[in-house]
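These notes are about the structure you will find just below.
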Amino acid sequence: MVVLSKPEHFPFLKNCNANNLLYEIPLIDLSRPESMTEIVKACEDFGFFKVINHGVPMDFIRRLESEAVEFFSLPLSEKEKAGPPSPFGYGNKQIGRKGDMGWVEYLLLTTNPDFISQKLSSIFGESENPDKLRAALNEYISAVRKMACEILELMADGLKIQPRNVFSKLLMDEESDSVVRLNHYPPCPELERVGSGNGNRKVIGFGEHTDPQIISVLRSNNTSGLQISLRDGSWVSVPPDQDSFFINVGDSLQVMTNRRFQSVRHRVIANSLKSRVSMIYFGGPPLCEKIAPLPCLMDGEESFYKEFTWFEFKKSVFNSNLADNRLGHYEKFAAS
Ligand SMILES: C=C1C[C@]23C[C@@]1(O)CC[C@H]2[C@@]12CC[C@H](O)[C@@](C)(C(=O)O1)[C@H]2[C@@H]3C(=O)O
Ligand SMILES: O=C(O)CCC(=O)C(=O)O
Ligand SMILES: [Fe+2]
-17 MVVLSKPEHF PFLKNCNANN LLYEIPLIDL SRPESMTEIV KACEDFGFFK VINHGVPMDF
43 IRRLESEAVE FFSLPLSEKE KAGPPSPFGY GNKQIGRKGD MGWVEYLLLT TNPDFISQKL
103 SSIFGESENP DKLRAALNEY ISAVRKMACE ILELMADGLK IQPRNVFSKL LMDEESDSVV
163 RLNHYPPCPE LERVGSGNGN RKVIGFGEHT DPQIISVLRS NNTSGLQISL RDGSWVSVPP
223 DQDSFFINVG DSLQVMTNRR FQSVRHRVIA NSLKSRVSMI YFGGPPLCEK IAPLPCLMDG
283 EESFYKEFTW FEFKKSVFNS NLADNRLGHY EKFAAS
């Protein structure tokens, strides 16, 4: 049982229109030849899409989910051996170090297999065996990275840029600074009571933000909660689908495409009855990589951004609050 402080102490959203379901999330079937143009359109219009026929074995997905469920059902004192996150490790309610709170517990790790081994040993100690969780994480990360790279290569094809590994090579680099995250949003039954008489109030599981990396690959169980912000600023709920993946354009890809693609703002609302378990792979570049618009995408126009490395950006990311516009600091002109 997860010990979280009372929901009424948590950030709320007032008048959250939960019926606003987005049934028209771009759906990309990776087995179709049209997928490259469809991906580009989805990144331009939403910075977000759903992927089917993704090639990631369902066994890997189920294995990691069941290991995650097992991990989160450990006593809090066990899980806390891997915390507090700095930024990696086990975290409960506190997200980042700037005071953001959410109705969530999580395990945040780099995708480096040695780091995963080390961190898991610190949780499970000598007596217990972290091998199953470690193996599940490693097989999942490899398969999802492969799929993320395929998507990035289709993006390059769709944008008609060469070489087609211009984005994917950053994730394949030995020094790639990628991250994996397991999130658990416990049910929040008191939500109904807290909400009554206060309009349609919702407890925030994970506050609104954009992901800073190049691309994020999200998969969850069949519990709803994820919402994305459309270009007009309205929020829509994303119907869950445990067999598919959801792709987010990250801030770094926004810069590399000189804003042709825009990173998607998203958040998670706690569910009153069901627990949500999600697993997210955040594909990031090596620390020393310069993040700048690709010259072939500029078409004579100026870069919207001052140049920076992923190291510099990451440093400012981890000093920011979730909802901050982290690219604002690097913009050459005010965003329109
Ligand atoms: C509040 C924060 C948590 C975060 C680091 C930050 O200071 C701002 C960005 C947050 C975020 C969002 C996407 C990913 O979940 C994450 C791992 C990342 O790279 O940036 C988290 C960071 C975190 O949880 O430490
Ligand atoms: O758990 C989710 O579904 C989304 C979480 C998220 O956006 C994140 O961890 O960056
Ligand atoms: Fe996110």
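Letter by letter, the sequence shown follows residues -17 to 318 of this note's numbering. For every residue, glycine included, the Cβ atom is placed at its ideal position computed from N, Cα and C.
Bridge partner(s) assigned by DSSP for residue i
{"i": "Gln209", "result": "Ser219, Arg249"}
{"i": "Val161", "result": "Thr92, Phe264"}
{"i": "Arg258", "result": "Tyr167"}
{"i": "Arg116", "result": "Paired residue(s): none; Arg116 is not in a bridge."}
{"i": "Asp11", "result": "Ile34"}
{"i": "Thr291", "result": "Lys272"}
{"i": "Val231", "result": "Ile197"}
{"i": "Gln76", "result": "Met83"}
{"i": "His191", "result": "His248"}
{"i": "Ser202", "result": "Ser260"}
Coarse secondary structure for residue i, derived from DSSP in three states
{"i": "Ser99", "result": "helix"}
{"i": "Lys151", "result": "helix"}
{"i": "Gly71", "result": "strand"}
{"i": "Ser178", "result": "Any answer about Ser178 is weak, because its pLDDT of 46 lies below 50 and its placement is not dependable; what the coordinates show is given next. It is coil, neither helix nor strand."}
{"i": "Ile21", "result": "helix"}
{"i": "Ala0", "result": "Any reading at Ala0 must be qualified, since the residue scores a pLDDT of 45, below 50, and its modelled position is unreliable; no value is offered."}
{"i": "Phe54", "result": "helix"}
{"i": "Asp82", "result": "strand"}
{"i": "Gly29", "result": "coil"}
{"i": "Ile196", "result": "coil"}
{"i": "Gln236", "result": "helix"}
{"i": "Ile123", "result": "helix"}
{"i": "Glu135", "result": "helix"}
{"i": "Glu313", "result": "strand"}
{"i": "Leu285", "result": "For the sequence presented, residue 285 should be read as Ser rather than Leu. Note: Ser285 maps to coil in three-state DSSP."}
{"i": "Ser226", "result": "coil"}
{"i": "Arg44", "result": "helix"}
{"i": "Glu156", "result": "coil"}
{"i": "Phe243", "result": "coil"}
{"i": "Lys61", "result": "helix"}
{"i": "Met(-17)", "result": "In this prediction, Met(-17) scores a pLDDT of 37, lower than 50, which makes its location untrustworthy; the coordinate-derived value is nonetheless stated afterwards. Three-state result, Met(-17): coil."}
{"i": "Asp306", "result": "coil"}
{"i": "Pro277", "result": "helix"}
Cβ distance (whole Å) where residue i is taken to contact residue j below 8 angstroms
{"i": "Gly29", "j": "Val246", "result": "4 angstroms"}
{"i": "Gly189", "j": "Gly207", "result": "Between Gly207 and Gly189 the Cβ distance is about 13 angstroms, and since that is not below 8 angstroms, they are no contact."}
{"i": "Gln209", "j": "Val218", "result": "6 angstroms"}
{"i": "Tyr167", "j": "Val51", "result": "Not really, about 12 angstroms apart at Cβ, beyond 8 angstroms."}
{"i": "Leu136", "j": "Ser17", "result": "6 angstroms"}
{"i": "Asp82", "j": "Asn303", "result": "6 angstroms"}
{"i": "Arg116", "j": "Pro194", "result": "About 26 angstroms separates the two Cβ atoms, so there is no contact after all."}
{"i": "Leu141", "j": "Val22", "result": "6 angstroms"}
{"i": "Lys80", "j": "Tyr72", "result": "Contact doesn't hold; Cβ gap of about 19 angstroms is too wide."}
CB contact flag (residue i, residue j, <8 angstroms)
{"i": "Lys114", "j": "Glu47", "result": "no"}
{"i": "Leu90", "j": "Phe106", "result": "no"}
{"i": "Leu134", "j": "Ile197", "result": "yes"}
{"i": "Arg242", "j": "Glu20", "result": "no"}
{"i": "Phe228", "j": "Lys63", "result": "no"}
{"i": "Pro221", "j": "Thr205", "result": "no"}
{"i": "Ser202", "j": "Arg258", "result": "yes"}
{"i": "Val320", "j": "Ala274", "result": "Because the chain here runs from -17 to 318, residue 320 falls outside it and cannot be looked at."}
{"i": "Ala118", "j": "His191", "result": "no"}
{"i": "Cys131", "j": "Leu153", "result": "yes"}
{"i": "Phe324", "j": "Gly78", "result": "The requested residue 324 does not occur in the structure, where the chain is confined to residues -17 to 318."}
{"i": "Asn147", "j": "Tyr88", "result": "no"}
{"i": "Asn240", "j": "Ser285", "result": "yes"}
{"i": "Ile98", "j": "Asn120", "result": "yes"}
{"i": "Leu235", "j": "Ile143", "result": "no"}
{"i": "Ile43", "j": "Ala24", "result": "no"}
{"i": "Leu200", "j": "Ser150", "result": "no"}
Ligand 5 heavy atom lying under 7 angstroms from the CB of residue i
{"i": "Arg127", "result": "You won't find ligand 5 in this model; what it holds is ligand 1, ligand 2 and ligand 3."}
Would the segment 288 to 308 count as touching the segment 123 to 139 if we require 3 or more Cβ pairs under 8 angstroms?
Note that the segment 288 to 308 does not touch the segment 123 to 139; fewer than 3 beta-carbon pairs, one per stretch, sit closer than 8 angstroms.
Would you be able to state if there are at least three C-beta pairs under 8 angstroms between the segment 262 to 282 and the segment 154 to 174?
Contact holds: three or more Cβ-Cβ distances are below 8 angstroms.
Contact the segment 280 to 290 vs the segment 250 to 257: 3+ CB pairs below 8 angstroms:
Touching, no, given that fewer than three Cβ pairs across the two stretches are closer than 8 angstroms.
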